[in-house]
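Shown next, in structure tokens, is the structure this report addresses.
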Amino acid sequence: MTARIAPSILAADLGRLGEELAAIERGGAEWVHVDVMDGRFVPSLTFGAPLLRALTRLTRLPLDVHLMVAEPEHYIDEFAGAGAAGFTFHPEATIHVQRQLARVREKGMRAGLALNPASPVALLEDVVDDLDLVLVMSVNPGFGGQRYIEAATGKIRRVRALLDERGSRAALEVDGGITPETIRGAFDAGADTFVAGTAVFGEPDPAAAVRRLKLACATPV
Ligand code: DX5
Ligand code: ZN
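Quick note: the sequence shown, position 156, residue 157 per this note's numbering, numbers continuous.
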């Protein structure tokens with residue numbers, strides 16, 4: 002299994018977005034991670050549907066959208082129309098989680114749930130069949146450039162066990178503090194998809210940075 006890399010444009014130079022996207026494509030990135038923040042679920046404000054539409058004109062890579070937003074259900078139709086391939090939200094942000102996961106799928110997007118560092122794996126148990134993706138947060142969401150919280154590795158292992166036990170083919174993604182040093186532990190614990198902001202766009206050569214992350218998972222220990 003090779004690691005799927007989803008660079009987060011939160012750390013990109015938005016004034017040179019086309020070049021930044023071309024670089025990660027050259028490096029072999031599989032998805033583009035888009036962090037949507039509403040100033041309520043997390044303090045910061047970031048992007049919405051207009052940026053998703055612009056991204057679809059700049060890249061052919063699937064848009065992996067992560068909503069750090071209260072009541073994400075209001076954006077399902079709009080984001081599907083704007084070109085999102087994946088729609089991942091936090092279970093604490095809405096009341097009827099299963100209904101929203103089903104609606105995301107109906108709209109043709111990958112349905113994902115994100116777990117904050119303090120959110121238990123049990124939040125997934127009754128909706129495993131509705132999930133196409135689980136996002137384990139390895140930092141508290143809201144900002145790029147934070148340190149990987151080591152407890153995430155054990156949580157990845159427990160999510161992997163749950164997905165395998167239930168025969169789920171859902172992707173297992175990790176987000177926050179992923180670097181060439183931290184990625185391997187998460188990969189060995191069973192994650193297959195890795196969000197990286199600073200470790201890709203904070204580097205002078207983002208294409209080489211994507212390759213380094215992939216290599217860190219491919220080399221024998
Ligand atoms: C954090 C976001 C992350 C962030 C990761 O709230 O969900 O996707 O961009 O950034 P790094 O890789 O710098 O930790
Ligand atoms: Zn994210």
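Yeah, the Cβ is synthetic: ideal placement off N, Cα and C, and Gly gets one too. Since this is a predicted model, take the numbers as computed values, not measurements.
Classify residue i: buried if its beta carbon has 16 or more other beta carbons within 10 angstroms, exposed otherwise.
| i | result |
| --- | --- |
| Ala192 | buried |
| Val222 | exposed |
| His97 | exposed |
| Thr3 | exposed |
| Gly143 | exposed |
| His34 | buried |
| Leu64 | buried |
| Ala85 | buried |
| Pro8 | buried |
| Glu79 | exposed |
| Glu31 | buried |
| Glu21 | buried |
| His75 | exposed |
Measure the C-alpha to C-alpha separation of residue i and residue j and round it to an integer number of angstroms.
| i | j | result |
| --- | --- | --- |
| Arg5 | Gly198 | 14 Å |
| Leu125 | Lys215 | 28 Å |
| Arg41 | Ala115 | 16 Å |
| Ala81 | Leu164 | 26 Å |
| Ala94 | Ile157 | 21 Å |
| Met69 | Ile179 | 19 Å |
| Asp39 | Ala190 | 31 Å |
| Arg161 | Ala123 | 13 Å |
| Phe90 | Leu18 | 25 Å |
| Val201 | Gln147 | 14 Å |
| Val211 | Ala24 | 9 Å |
| Tyr149 | Arg100 | 32 Å |
| Gly186 | Pro207 | 22 Å |
| Val66 | Val37 | 7 Å |
| Gly155 | Leu62 | 30 Å |
| Arg159 | Leu52 | 35 Å |
| Pro73 | Arg27 | 32 Å |
| Ala83 | Asp127 | 30 Å |
So residue i packs on residue j, CB below 8 Å; how close in whole Å?
| i | j | result |
| --- | --- | --- |
| Asp133 | Ala172 | 7 Å |
| Arg58 | Gly87 | In fact, because the Cβ distance is near 19 Å, the residues do not count as touching under 8 Å. |
| Pro205 | Ala153 | Not confirmed; about 28 Å, so no contact. |
| Ser139 | Asp176 | 6 Å |
| Leu136 | Glu174 | 5 Å |
Against chain C, with Cβ distances strictly below 8 Å, would residue i count as a contact?
| i | result |
| --- | --- |
| Ala50 | The structure shown contains no chain C, having only a single protein chain. |
Exercise for the section: Closer than 5 Å is what we want: which residues have a beta carbon that near any heavy atom of ligand 2? List them in chain order. Expected result: One residue list follows from the rule of a beta carbon closer than 5 Å to any heavy atom of ligand 2, given in chain order as Asp36, His67 and Asp176.
Problem - Touching by the beta-carbon criterion (3+ pairs, under 8 Å), the region 42-52 and the region 102-112 - result: no
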